[in-house]
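Read left to right, the sequence shown gives residues 164 to 266 (the working numbering).
Here the structure is laid out as structure tokens; the discussion comes afterwards.
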Amino acid sequence: MAIKTIDMNRLAAMTGNLFESVAILSKRSRQISTNVKTELDDKLAYFEGFEQELEDPRFQEEQAKVSLEYEVKPEPTEMAIDEMVDGDVYFRKPTEEDMGSLI
164 MAIKTIDMNR
174 LAAMTGNLFE
184 SVAILSKRSR
194 QISTNVKTEL
204 DDKLAYFEGF
214 EQELEDPRFQ
224 EEQAKVSLEY
234 EVKPEPTEMA
244 IDEMVDGDVY
254 FRKPTEEDMG
264 SLI
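Okay, here's the thing in structure tokens:
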């Protein structure tokens, strides 16, 4: 996996504040990570309950193929940064009305 440089000024310009951009990226990265983990767990759940078949080399190969598929995927942080740079991440700043209703 190659290292990609990120223009921090461009990220900061998207929200007006670098800290806000990092917070948004952090939340989106967590969402992506949770989704990927759920997908992987669902696919691996198929292999549960096959005690005798687990010794079958073809069965193990299928299970390894599923695991390798997820190891090759980019990291959630990298995916979140790409989404934000492409403009695919929706975020909004709360208004004073929104903040007043929380109190």
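Yeah, the Cβ is synthetic: ideal placement off N, Cα and C, and Gly gets one too.
- Taking C-beta atoms under 8 Å as the contact rule, Ala-243 and Ser-192 qualify, at a distance of about 4 Å.
- Judged by DSSP in its simplified three-state form, Ala-175 adopts helix.
- Around the beta carbon of Leu-231, a 10 Å sphere encloses fewer than 16 other beta carbons of the protein chains shown; the residue is thus reported as exposed.
- Residue burial is scored here from C-beta neighbours: Pro-239 has at least 16 other C-beta atoms within 10 angstroms and is therefore classed as buried.
- Taking Thr-178 as the centre and dropping the five residues before and after it, the same chain places the C-beta of Ser-184 closer than 6 Å to its C-beta, in chain order.
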